[in-house]
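Residue numbers (our numbering), protein chains in the order written: chain A, 84 to 503; chain B, 40 to 622. Idealized CB from N, CA, C, for every residue including glycine. Working notes, beginning with the structure itself.
Laid out in structure tokens, this is it:
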């Protein structure tokens with residue numbers, strides 16, 4: 084499933100409009116970098132301003148090259164980002180890139196970013212929102228009404244985090260009954276379902292999942308973490324099956340739901356079995372770690388990023404650019420993905436060696452792509468409800484957060500297929 | 040996992056664990072089923088349990104296994120005939136009766152549930168068990184009203200104990216239903232019936248949302264509430280960080296046989312509070328407790344109470360306790376020493392420095408550590424009065440690092456900058472507590488920019504600051520700065536003056552801004568310009584002028600990229616921009 088599975092059709096291999104004609108700034112992404120996360124923001128803002136940039140895949144941790152302009156130097160200095168002026172030295176660098184498993188990918192268009200989250204969601208509930216905010220990458224929050232009303236077409240990149248697309252409120256309904264935040268979540272979702280003409284919240288969420296699926300088929304880039312990965316596939320596969328417990332829709336789960344799931348409709352997974360117990364905050368056996376399932380809970384290890392061929396598989400190469408190849412794992416309501424439930428077309432980007440699960444997967448769908456990353460917060464491995472927000476200024480070199488930001492920048496590399 | 044589920048599982052485990060040898064054999068028979076269940080193979084596990092029950096219709100572990108697995112599989116109806124059969128064979132089994140109720144509740148057959156609960160109650164007319172299980176079965180399915188009705192039926196039927204029957208169950212039910220006020224009332228009844236419930240009740244009620252704290256407290260501490268309920272209220276208030284109200288509630292309960300234990304528990308809980316009121320209330324509780332226990336415990340408690348009361352600044356109450364302690368001839372020598380040290384502490388805090396110094400010279404029982412601490416405190420108190428000679432005299436020949444540091448301050452206030460630097464260096468960076476060490480290090484950083492060996496003006500300005508008049512100190516520092524070279528300490532002293540003005544806030548913000556502006560404009564090699572710009576930005580952020588703070592922070596970062604203040608400036612910049620959430 085790894086290696087050459089992703090075609091290079093996303094990239095145009097015409098000779099890139101390289102930056103060596105003008106002095107450039109190299110943003111090194113190896114251990115000398117003083118703020119890896121903000122470096123993505125600097126590159127993004129350069130592209131957003133209409134400037135050309137390059138992503139030097141596998142060169143010094145996946146470095147960036149941007150024009151040497153006063154405004155960008157100022158931006159870098161203010162944000163504590165290390166840059167190195169380069170001119171003639173780039174000849175040697177380009178030679179090194181040509182001779183090794185490296186490549187230089189032009190970055191041309193800053194993607195318009197949407198984050199799917201309820202209107203009252205705190206920014207620090209979601210690792211991606213925090214990463215975007217810390218790096219200084221602008222985004223728009225959208226929710227069910229925008230998806231159902233077709234507004235997704237206005238965005239290039241969509242992020243989902245811990246949304247439960249099965250409509251069961253992350254199965255916290257019974258476990259956290261009486262908590263004000265849960266009551267508010269239920270009320271908000273119920274109101275939205277009613278407003279949009281759906282009988283139940285699970286029905287609404289299935290429609291939203293289908294809307295997102297259509298968005299990707301039409302060329303959108305989807306990045307999902309935590310519960311959203313598993314539940315969006317369950318919601319898609321369960322289009323005509325009741326998989327929601329009685330507390331969520333007033334009717335019991337279809338006793339034969341497992342056999343009625345249509346996995347042809349899902350993004351990444353197939354052949355999974357549902358967790359029907361409403362008191363266990365787990366959705367299916369897609370998640371390898373089962374953090375809330377008592378004896379089935381698996382301990383955290385570390386996951387290793389795959390090494391792809393930069394010149395042949397640029398997309399997965401971009402998605403795994405990092406200054407660390409082995410990264411400590413972190414829990415989420417969905418932490419990992421069982422290998423046996425992955426569709427054959429999925430590309431594994433990172434896994435735990437010897438374990439029956441993988442951490443980070445990617446695939447194509449229609450004209451678009453999807454990327455799923457398990458876990459909730461790379462710098463809060465045991466994340467609990469009510470934990471204080473992660474302060475990313477204390478984790479400027481986080482390799483886990485780098486993987487998130489790789490996803491934000493990689494659509495900028497797509498040239499011909501970009502939607503306008 | 041919900042509390043009710045926990046309860047069910049615990050019950051199941053207790054039942055399994057308390058089984059006799061035959062029961063153990065029963066349990067072993069279902070071992071494979073349990074393993075399958077752990078692996079999430081519920082249908083296979085259910086098959087094993089069914090097979091076991093077919094051979095042994097009253098096998099409780101297997102029936103409980105079926106309850107767990109068939110619920111998950113949405114096949115609960117299959118369990119009902121098996122449970123009815125088992126109950127008919129063993130009508131005295133409480134576990135089977137309870138299981139039968141839970142199955143009916145799971146099937147939503149409420150009429151049948153009530154019928155068999157009443158039938159069970161008729162068979163055991165003095166038992167709370169049928170009503171408890173009936174209510175619990177309904178509560179597990181979130182049928183709060185029905186569960187409440189079941190439990191109240193039990194209370195009415197069983198009567199007795201002033202309406203306290205089934206109070207724990209009702210308290211838990213109301214809490215799960217979000218009715219905290221009703222829950223508090225029931226916990227009050229429960230604790231009135233049995234004081235052992237107190238810690239559990241308190242641990243449950245402290246989780247009440249802040250919006251209902253007042254109502255919960257009112258229910259528990261109302262004049263008609265029992266002493267135990269009011270003590271519960273006091274404990275809950277204490278945990279919520281409301282010690283004064285807690286003590287008022289506690290005081291109203293003192294006098295019965297449970298008072299000593301209640302006071303000790305209250306004092307222990309108050310120990311978790313670090314507020315002034317927390318210390319005061321703990322001191323008062325310990326004092327009252329000391330009146331009720333043997334003298335060995337009492338003298339130590341009083342000494343502890345004095346420390347707490349002093350910590351709270353209540354010198355009058357502390358002295359009152361000390362009077363009792365020092366005149367207690369039966370108290371051991373150690374207690375007298377503690378009392379004497381505490382009394383001296385009170386005298387110093389009270390400003391009776393001459394009396395304190397005179398007693399200090401006669402004090403023989405006080406430990407060496409206490410003696411050194413008291414000398415230092417007395418010296419600091421003399422400094423606060425501007426009595427530098429007496430402040431130095433009281434230190435005697437002591438050569439501890441804390442005293443060396445204190446001598447450094449005295450030299451500084453006299454304007455002898457070189458001697459101050461020498462003493463601070465000798466004391467090192469770790470003497471005394473962290474705040475004092477940091478203050479000393481900051482002062483050394485300022486002094487090392489000043490080429491002169493003495494500056495009486497600067498010493499006098501800093502003494503004014505030490506005496507607590509920061510406004511006058513700020514003005515005096517400005518005057519002292521004017522006599523220093525611009526790149527020879529003037530900017531650092533102006534920065535300190537600006538910081539003092541900024542700390543005062545309000546009308547002094549303008550002065551602080553002018554001083555920071557002067558330092559920033561002067562620029563130069565030292566740390567002062569960058570520090571001044573950071574302070575200026577912080578002042579603006581504090582005033583809500585984030586947009587004005589941002590250019591200052593950007594200027595600082597770009598102008599002094601190697602300054603030690605840059606990382607902090609970046610953090611303030613992030614916060615000013617809203618990129619870092621407030622914890």
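> So what does residue 149 of chain A bridge to, in DSSP terms?
Replying inline: Per DSSP, A/108.
>> Cβ closer than 9 Å: which chain B residues qualify as neighbours of residue 161 of chain A?
In response: Correct list: 592, 593, 596, 597, 609 and 612.
> Residues of chain B with a CB under 8 Å from the CB of residue 111 of chain A: which are they?
Replying inline: Residues of chain B passing the Cβ test: none, with the nearest at roughly 17 Å.
> Looking at the C-beta of residue 81 of chain B, does it have a partner C-beta in chain A at a distance below 9 Å?
Replying inline: Judged by the 9 Å Cβ criterion, residue 81 of chain B is in contact with chain A.
> On the three-state DSSP scale, how would you describe residue 447 of chain A?
Replying inline: Here residue 447 of chain A sits in strand by DSSP.
>> Short of 6 Å in beta carbon distance, which residues of its chain neighbour residue 357 of chain B, apart from the five on each side in sequence? Order them along the chain.
In response: Hits under 6 Å: 345, 348, 349 and 385.
>> Quick check on the DSSP output: what are the complete alpha helix (DSSP H) runs of length 4 or more inside the stretch 190-239 of chain B, in order along the chain?
In response: Runs of the alpha helix (DSSP H) spanning 4 or more residues and lying entirely within the stretch 190-239 of chain B occur at 206-215 and 219-232, in chain order.
> Can you name, in chain order, every residue of its own chain whose Cβ lies under 6 Å from the Cβ of residue 536 of chain B, other than the five neighbours on each side?
Replying inline: These residues qualify, in order along the chain: 513, 516, 517 and 554.
> Does the beta-carbon of residue 107 of chain B have 16 or more other beta-carbons within 10 angstroms, so that it is buried, or is it exposed?
Replying inline: Looking at its Cβ environment, which holds 16 or more other Cβ atoms inside 10 Å, residue 107 of chain B is buried.
> Does residue 360 of chain A come within less than 9 Å of chain B when only Cβ atoms are used?
Replying inline: Closer than 9 Å: yes.
>> Tell me the rounded alpha-carbon separation between residue 109 of chain A and residue 160 of chain A.
In response: Straight-line measurement puts the Cα of residue 160 of chain A at about 14 Å from the Cα of residue 109 of chain A.
>> Per the DSSP calculation, residue 198 of chain A is bridged to which residue(s)?
In response: For residue 198 of chain A, which the question treats as bridged, DSSP gives the partners A/224 and A/242.
> In the DSSP assignment, what are the bridge partners of residue 186 of chain A?
Replying inline: Among the bridge pairs identified by DSSP, residue 186 of chain A is matched with A/140.
> Does the beta-carbon of residue 168 of chain A have 16 or more other beta-carbons within 10 angstroms, so that it is buried, or is it exposed?
Replying inline: Counting Cβ neighbours within 10 Å, residue 168 of chain A comes out exposed, since fewer than 16 surround it.
>> Between the alpha carbons of residue 250 of chain A and residue 478 of chain B, how many angstroms are there, rounded?
In response: The alpha-carbon atoms of residue 250 of chain A and residue 478 of chain B are separated by roughly 57 Å.
> Anyone know if the C-beta pair for residue 194 of chain B and residue 216 of chain B falls short of 9 Å?
Replying inline: No, these two residues do not count as a Cβ contact at 9 Å.
> How about residue 154 of chain A: is its C-beta nearer than 9 Å to some C-beta of chain B?
Replying inline: No Cβ of chain B is located within less than 9 Å of the beta carbon of residue 154 of chain A.
> When the Cα atoms are used, what is the spatial distance from residue 277 of chain A to residue 246 of chain B?
Replying inline: For residue 277 of chain A and residue 246 of chain B, the distance between alpha carbons rounds to 33 Å.
> So does the stretch 346-364 of chain A actually touch the stretch 382-391 of chain A, counting three or more Cβ pairs closer than 8 Å?
Replying inline: The answer is no - the stretch 382-391 of chain A does not touch the stretch 346-364 of chain A, with fewer than three Cβ pairs under 8 Å.
>> At the level of alpha carbons, what is the spacing between residue 253 of chain A and residue 103 of chain B?
In response: Each residue's alpha carbon lies about 27 Å from the other.
>> Whole angstroms are fine: how far does the CA of residue 617 of chain B sit from the CA of residue 176 of chain A?
In response: Whole-angstrom Cα-Cα distance: 38 Å.
>> Given this structure, state the Cα-to-Cα distance separating residue 377 of chain A from residue 207 of chain B, to the nearest angstrom.
In response: Taking the straight line from one Cα to the other gives about 28 Å.
> In angstroms, rounded to a whole number, what distance separates the CA positions of residue 485 of chain A and residue 319 of chain A?
Replying inline: Straight-line Cα distance between these residues: approximately 29 Å.
>> Please report the distance separating the alpha-carbon of residue 419 of chain B from that of residue 430 of chain B.
In response: Each residue's Cα considered, the two are about 7 Å apart.
> Is residue 110 of chain B close to chain A, meaning its C-beta is less than 9 Å from at least one C-beta of that chain?
Replying inline: Output row for residue 110 of chain B: interface = yes.
> Between the stretch 321-348 of chain A and chain B, which residues of the former have a C-beta closer than 7 Å to a C-beta of the latter?
Replying inline: Here the close residues are 335, 336 and 338.
> Of all the options A/367, A/353, A/395 and A/410, which has the alpha carbon lying nearest to the alpha carbon of residue 425 of chain A?
Replying inline: Closest by alpha carbon: A/353.
>> Any C-beta of chain A within less than 9 Å: which residues of the stretch 108-139 of chain B qualify?
In response: Listed in sequence order: 110, 111, 112, 113 and 114.
>> For residue 482 of chain B, report the span of its beta strand (DSSP E) as first-last.
In response: Note, residue 482 of chain B: premise wrong, no beta strand (DSSP E); alpha helix (DSSP H) at 473-486.
> Among residues of its own chain, excluding the 5 on either side of residue 540 of chain B, which ones have a beta-carbon nearer than 7 Å to its beta-carbon?
Replying inline: The residues are 513, 547, 550, 551 and 554.
> CA-CA distance, residue 524 of chain B and residue 491 of chain B?
Replying inline: Each residue's Cα considered, the two are about 10 Å apart.
>> Per DSSP, what are the beta-bridge partners of residue 60 of chain A in this structure?
In response: Past the boundaries of the shown model lies residue 60 of chain A; chain A is included only from 84 to 503, so the question cannot be answered.
> Would DSSP call residue 524 of chain B helix, strand or coil?
Replying inline: The answer is coil: DSSP assigns residue 524 of chain B none of H, G, I, E or B.
>> For a minimum of 3 consecutive residues, which ranges assigned as the beta strand (DSSP E) are wholly contained in the stretch 283-367 of chain A?
In response: Segments of the beta strand (DSSP E) lying fully in the stretch 283-367 of chain A: 304-308.
> If the cut is a Cβ gap below 7 Å, which residues of chain A does residue 568 of chain B touch?
Replying inline: Result: empty, since nearest Cβ-Cβ is about 17 Å, beyond 7 Å.
> In the DSSP assignment, what residue or residues form a beta bridge with residue 388 of chain A?
Replying inline: Paired residues: A/433.
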